[in-house]
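There are 4 protein chains.
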Amino acid sequence: MKVSRVERRVIFAETDAMQVVYYGNYLKYFEVGRAEFFRQFDLPFTHYIEKGLYLAVTDVAVKYHRPARYDDLLLIETRLTHVGRATLNLGYVLYNQDTRQKLVTGTTGHAVLDEKGSVRRFEPDFAERMHALVTPPDSSNRPRSRIHAHTPTGRQ
Amino acid sequence: MKVSRVERRVIFAETDAMQVVYYGNYLKYFEVGRAEFFRQFDLPFTHYIEKGLYLAVTDVAVKYHRPARYDDLLLIETRLTHVGRATLNLGYVLYNQDTRQKLVTGTTGHAVLDEKGSVRRFEPDFAERMHALVTPPDSSNRPRSRIHAHTPTGRQ
Amino acid sequence: MKVSRVERRVIFAETDAMQVVYYGNYLKYFEVGRAEFFRQFDLPFTHYIEKGLYLAVTDVAVKYHRPARYDDLLLIETRLTHVGRATLNLGYVLYNQDTRQKLVTGTTGHAVLDEKGSVRRFEPDFAERMHALVTPPDSSNRPRSRIHAHTPTGRQ
Amino acid sequence: MKVSRVERRVIFAETDAMQVVYYGNYLKYFEVGRAEFFRQFDLPFTHYIEKGLYLAVTDVAVKYHRPARYDDLLLIETRLTHVGRATLNLGYVLYNQDTRQKLVTGTTGHAVLDEKGSVRRFEPDFAERMHALVTPPDSSNRPRSRIHAHTPTGRQ
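Residue numbers (the working numbering), protein chains in the order written: chain A, 4 to 159; chain B, 4 to 159; chain C, 4 to 159; chain D, 4 to 159.
Structure (C-alpha cells):
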C-alpha cells in the first residue's frame, strides 16, 4: 500500500462560529497527513531540514464535500501523486472515521528550496525511492476499515 | 473600481518555523479580504447570518509566488469573479505593500446554505447588486498606490 | 492514577518564525489534554454540550520553561485540581517525550454556562464523580515512562 | 499617555464552535497589542530581532470577563507594567469597541534571549527609555472615545 493513514480528532481550536472546522484548518490536517506519509515511508525530510533545505508549498487545491465538526475523529489519507526533478505533488482524502463519509479532498504542490529560496533537485537515490511510491492521481481509494490507522506510527 | 483593498500586518502567530507565513494562514487573509469586500460594497452577509444562512466554502485554490514574512505589511485585494443562482466565486491577490511584489493569488468558491445545509438561492435584488460587481477572473489588476487601502473601512 | 496522558507531535502550523511553538498554541495542547482527561475518566462533557451547556474558560495561567520545536513529540499530562459548585480547575504539564524535560505548566479555570451565559451548577452525581478525581494542585508528578500515553484512548 | 491602542475585527478563523473567540486566540490579540506598543513608542524590537535576539515569553495570565464574537470590533490597550534588567511585563485590556465593555484582561512576562537561549540584559539607553514608559500595573484605565485607535499607526 502506497497510502499513509493517520487519525486526528477535531478540537474546538479548529472549529469556527459556523460550528464546523474552519476552511483553512484542513491545510493543517494535510500537513499532518504529509508528515505521516514521509514518516511511514521513511523519506528523510527531517534530514533535509537539518541541511537547510525545505519543502516549500507552491500551490494548494481543496474541495469541501461535507463539514467536519467538533470531536469528529478524522481519517487522513495521503498519497504521492507526482515526482519531478525538484518538485512533488501529494493528494489527500479526509474521511469521518465513524460515518465513513468523505469530507474533504485536496492536493498540494511542493518544491525543494535551499535557504536562499533557490530550487534544488532531489538526490538521485531519494528521487528513485519516491518514484516507487507514486500513485496516479485519479485512482480513487477508499478506507477499508478502522484498523488501518492504528499502526505504531499512527499516533499524532 | 470593483475591487476591495485592505491591509494586514503579519504577526508571529501567522508564521512558522520556516520563517515565512504558514501556507494555511493565507486562507485567513482571504477571509479578511472577503469580509472587507462585502463591507465595502455593502453586501449584507451579516444580515444573512442573522437569518440562519451562511456562505459555505465549496473549494479553494492558492498559488504561492513569494513568501510573506514577519512584520510584512500585506495588501489584500479581493474581486467577485462569478455569481450564480446560489453560488459565487471570489479572487484574491496578496501583495507586499512595501515592495509591491505579488505574493499569493487565490480563489474561493461559495454556496449559500441554510442551517440544515441545504442550498438557498440568492434573493433577486441581492443577486442583481452582486452581478454589477463582477470582474472577469482573468483581468489582471495591480495596486496603484499605497493610498488605496487607507479608507475608513480599511481598518482590520 | 488521576492523571490523563496524551501525546501530540508538533507540526509547522503550531510553530512561529522564532522556530519554537507559538506561545498561544500551548492553549490548544491544554485543550487536547482536557478533552483526553474527560474522555479517559468518562466525564460526559459531550452530553453537556448536547444539552446546550458548555464549559467556559474563566482564566488561564501559563509558565514557559523550555520551548517545544517542530516535530517534537509532546506528552500532555492533565489533572483536575479543584471542583466547586459550578466551576472546576485543571492543571497541565507538558513534557518533551524524548528528553523528558518539562516544557510548560499551566492551569485553566472553568465554569458551566447555559446558552444564555448563566452559570449552572453541576448535577450532584457528576460533582461527586469529579470530587473523587481531584489532585491537590501542588502535588508534583513526573512521567515515569514513555509507555503511559500509549493507551487506546491516547490517540489524538 | 503611555498606553497604545489598536483595533482588530474578529474573523471566523478566530472563533470556535461555541460561537465565541477561542480562548487561545486572545494571545494573538495580545501580540498585536504588544507590537503596536513597541511601534507606537518606537522601541526597536525589530532591530533586536535583526541582531539575533528575541523577546521570549516566560509567562502569561488571562482573565476572560465576557466573550468576543464574530465581527466584533475589538480595542486592544497595552501598557508596560514592569522593566527589569533583562525582563519586562506588559498588561493588556481588550474592549468591545462598540459596547465599551471590558472583555478580557491579561499580562505577559518576557525575557530577552540570544540565539542560544541565554538571557541578555537590555542596553542602558534602551532600558532608560522603557523605564519612562512604565505604568503601575494596578492603575486602571478606560478607553475614552472611539477616536483613540484611529492614529496612522493604528492599522493592523
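Glycine is no exception: its CB is placed at the ideal position from the N, C-alpha and C atoms.
Query raised in the report: Which one of D/V63, D/Q22 and D/R88 has the shortest CA to CA distance from D/A130?
Result: Ranked by Cα distance from D/A130, the first of D/V63, D/Q22 and D/R88 is D/R88.
Requested in this report: Check B/R84 in the structure and name its three-state DSSP category.
Outcome: Checking the sequence, you will find Thr at residue 84 of chain B rather than Arg. Strand.
Report task. For C/A71, return the contacting residues in chain B, with the cut-off set at a CB-CB distance below 9 Å. Result -> The contacting residues do not exist; C/A71 stays about 11 Å from chain B at best.
Query raised in the report: Do C/G55 and C/E118 have their C-beta atoms within less than 8 Å of each other?
Result: yes
Requested in this report: Tell me, to the nearest whole angstrom, how far the beta carbon of D/Y95 is from that of D/G109; I am working on the premise that it is less than 8 Å.
Outcome: 5 Å
Query - Interface residues of the stretch 65-97 of chain A facing chain C [CB-CB below 9 Å] - result: Answer in chain order: Y73, D74 and L76.
Query - Local conformation of D/K31 per DSSP, three classes - result: helix
Query raised in the report: With C-beta atoms as the reference, is A/L77 less than 8 Å away from A/Y32?
Result: yes
Query raised in the report: Are the beta-carbon atoms of A/D128 and B/Y67 separated by less than 8 Å?
Result: no
Query raised in the report: Pick from B/R69, B/T111 and B/D101: whose alpha carbon is nearest that of B/E10?
Result: B/D101
**Report entry** Listed by chain order, chain D residues near B/E34 by CB distance under 7 Å
**Finding:** Within chain D, the residues placing a beta-carbon under 7 Å from that of B/E34 are I14, F15 and A16, ordered along the chain.
Report task. Excluding the 5 residues preceding and the 5 following A/Q22 in the sequence, name in chain order all residues of the same chain whose CB lies nearer than 8 Å to its CB. Result -> R72 and Y73
Query - Limits of the unbroken beta strand (DSSP E) element including A/E10 - result: V6 to R12
Query raised in the report: In its own chain, which residues sit with a C-beta less than 8 Å from the C-beta of D/P139, not counting the 5 before and 5 after it?
Result: T84
Requested in this report: Give the interface partners of A/T61 over in chain B, defined as CB-CB distance under 8 Å, in chain order.
Outcome: K66 and Y67
Requested in this report: Could you check which residue in D/V13, D/R37 and D/A38 has the C-alpha nearest to that of D/Y26?
Outcome: If we check each option's Cα against that of D/Y26, D/V13 comes out closest.
Query - C/F41 versus A/V35: straight-line alpha-carbon distance, rounded - result: 24 Å
Query raised in the report: By how many angstroms is the C-alpha of D/S7 removed from the C-alpha of D/T154?
Result: Unreliable positioning characterises D/T154 in this predicted model, as indicated by a pLDDT of 41, which lies under 50. The coordinate reading is nonetheless provided below. D/T154 and D/S7: Cα-Cα distance of roughly 10 Å.
Query raised in the report: Candidates D/L93, D/R69 and D/P70: which alpha carbon is nearest D/E80's?
Result: Of D/L93, D/R69 and D/P70, the residue nearest in Cα terms is D/L93.
Query raised in the report: Whose C-alpha, out of D/L116, D/P70 and D/V60, is nearest the C-alpha of C/A59?
Result: D/P70
Query - Within chain A, the residues that C/A135 reaches when beta carbons sit closer than 9 Å - result: Result: empty, since nearest Cβ-Cβ is about 24 Å, beyond 9 Å.
Requested in this report: Would you identify the three-state DSSP class for D/G120, choosing helix, strand or coil?
Outcome: coil
**Report entry** Backbone secondary structure at A/A89 - three-state DSSP
**Finding:** coil
Query - Proximal residues to C/V86 (C-beta, below 7 Å), its chain only, five neighbours per side dropped - result: A130, M133, H134 and V137
Report task. Compare the C-alpha of B/R82 against each of B/E53, B/L106, B/G112 and B/Q104 and name the closest. Result -> B/G112
Report task. Could you tell me which residues DSSP puts in a beta bridge with D/K66? Result -> Beta bridge pairing from DSSP links D/K66 with C/D62 and D/T108.
Query - DSSP three-state assignment for B/A130, whether helix, strand or coil - result: helix
Query raised in the report: Apart from the five residues just before and just after B/R124, which ones in its own chain have a Cβ nearer than 7 Å to its Cβ?
Result: R88 and A89
Query raised in the report: In the structure shown, what three-state DSSP assignment does B/G55 receive?
Result: coil
Query - C-beta atoms of B/L116 and B/Y51 nearer than 8 Å - result: Cβ distance not < 8 Å, so B/L116 and B/Y51 don't count as in contact.
Report task. Starting from the C-beta of C/L91, find all residues in its chain whose C-beta is less than 6 Å away, skip the five residues before and the five after it, and write them out in chain order. Result -> H113
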